[in-house]
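Remarks on the structure that follows.
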Amino acid sequence: MTTQLTSLDAQMTGELLPFDGLISALRNAFAEGCEVPVRHHHTIFNEGEPDATVLLMPAWHSAARISRYLGVKIVTVFPGNASRGMPGLTSTYILYDGQTGRQLATLDGGTITARRTVAASALAADYLARKDSRRLLVVGAGKVGSLIPDAFCAVRPIEHIDVWDIDAANSKRLVDDLRGRGMNANVADKLEASVEAADIVSAATLSTTPILKGSWLQPGTHVDLIGSFTPKMREADDEAIMRSALFVDTVEALHESGDLVQPIQSGVCTEAAVRATLAEMCRRSDVRRTSAGEITLYKAVGTALSDLAAATMAYERHLVAG
Ligand SMILES: NC(=O)c1ccc[n+]([C@@H]2O[C@H](COP(=O)([O-])OP(=O)(O)OC[C@H]3O[C@@H](n4cnc5c(N)ncnc54)[C@H](O)[C@@H]3O)[C@@H](O)[C@H]2O)c1
């Protein structure tokens, strides 16, 4: 039997993952669940330059599923490449038949990561943000942040988008792109004023100190935090955590993100204050915002479950398209 291996580059992977379909695929995937072992994180000594890292993120469907898959995302991070003028990060997703282990496809891992991340945030916002949310503030206009407007427009009637980034050129680039596609977008000059005006605030930065202050949040705002993935990184301050009803993508967020690790360690909040995971939101109709005036905050650190859901969707759509 000949094995035909599909190879989907960044553009093809992206085109196969439109946000409306991807959000719906993630809704089903989080409700259904799959096997997700602890991710592997290995440090690689590199003589004369900073240590490199290889990260492996496997996931597979359980035997009960009719068509089942197994996938692994492999990410390499070589910080020393900056001095060579080469990208420091590579990311590949490999998809297998979950019953036979036959390799089916390789997909662009960076595209899978960026799109599944904002799609999961939009899915959470579909449960948590007010239905009449019209003003979106994007904080951090990098690879992930640039996709936030399209993902959130798939779940809420967004009419206005503010963009704020520590690097003004990045905000301008995203605003120009959004305006070029007919959206009503502006560079936010004053972060405080834009937070106060926003119905939804979504942050995807590399910040290590809080940039979003709880005192700026108005009743009814939904806050979406994507950036902080180590205990030392932080996007929102203690007051934001104290004033909000808290939600996470997975329980790992409690141990990995400084936005929760730090306030839990200092006693500002407890693990029990976290109301639900995204899987619980997808499974239970009683896990939602409780009033129009409640401030909701969703913190995500990412999961291999959503990588597998996105890779499966892209592969199956590619097969159907022939
Ligand atoms: N939660 C998840 O599942 C998930 C998935 C992918 C990426 N991430 C995280 O999201 C963040 C953004 O990723 P990316 O690929 O878009 O990175 P990126 O480097 O492409 O973009 C980061 C953007 O944030 C801006 N920025 C950096 N520090 C800032 C600060 N202190 N204040 C305001 N803006 C700041 C940068 O100017 C840049 O525009 C990273 O921390 C990344 O690890 C999380």
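Residue numbers for the sequence shown follow our numbering, beginning at 2 and rising by one. Yeah, the Cβ is synthetic: ideal placement off N, Cα and C, and Gly gets one too.
Give me the residue from VAL119, THR112, GLY141 with the minimum Cα distance to LEU192. Measuring from the Cα of LEU192, the nearest candidate turns out to be GLY141.
Relative to the C-alpha of SER122, which residue among ASP250, ALA312, TRP61, ALA254 is closest? If we check each option's Cα against that of SER122, ASP250 comes out closest.
Does VAL319 come out as helix, strand or coil in the three-state DSSP assignment? Note on identity: in this sequence residue 319 is His, with Val being the wrong assignment. In the structure shown, HIS319 sits in a helix (DSSP, three-state: H, G or I).
Would you list, in sequence order, the uninterrupted alpha helix (DSSP H) runs of no fewer than 4 residues that lie entirely inside the segment 262-303? 279-284
Do ALA11 and THR107 come within 8 Å of each other at the CB atom, strictly closer than that value? The answer is no: Cβ separation not under 8 Å.
Does at least one heavy atom of ligand 3 sit under 7 Å from the Cβ of SER208? Among the ligands in the structure shown, ligand 3 does not appear; only ligand 1 can be found there.
Is LYS191 near ligand 1, with its Cβ less than 7 Å from a heavy atom? no
Kindly indicate the opening and closing residues of the beta strand (DSSP E) around THR93. 90-98
beta-carbon PHE20 near ligand 1 non-hydrogen atom, thresh 7 Å: no
Can you tell me whether ALA277 sits near ligand 1, meaning its C-beta is under 7 Å from at least one heavy atom of the ligand? no
Within 7 Å: the Cβ of GLY330 and any heavy atom of ligand 1? Lying outside 2 to 323, the shown extent of the chain, residue 330 is not represented and no answer is given.
My guess is that SER203 and GLU240 are in contact by the Cβ rule of under 8 Å, so how many angstroms apart are they, rounded? Contact doesn't hold; Cβ gap of about 19 Å is too wide.
Which residue marks the beginning of the beta strand (DSSP E) containing ILE45, and which one marks its end? 41-45
Buried or exposed (CB count within 10 angstroms, at least 16 for buried), GLU48: exposed
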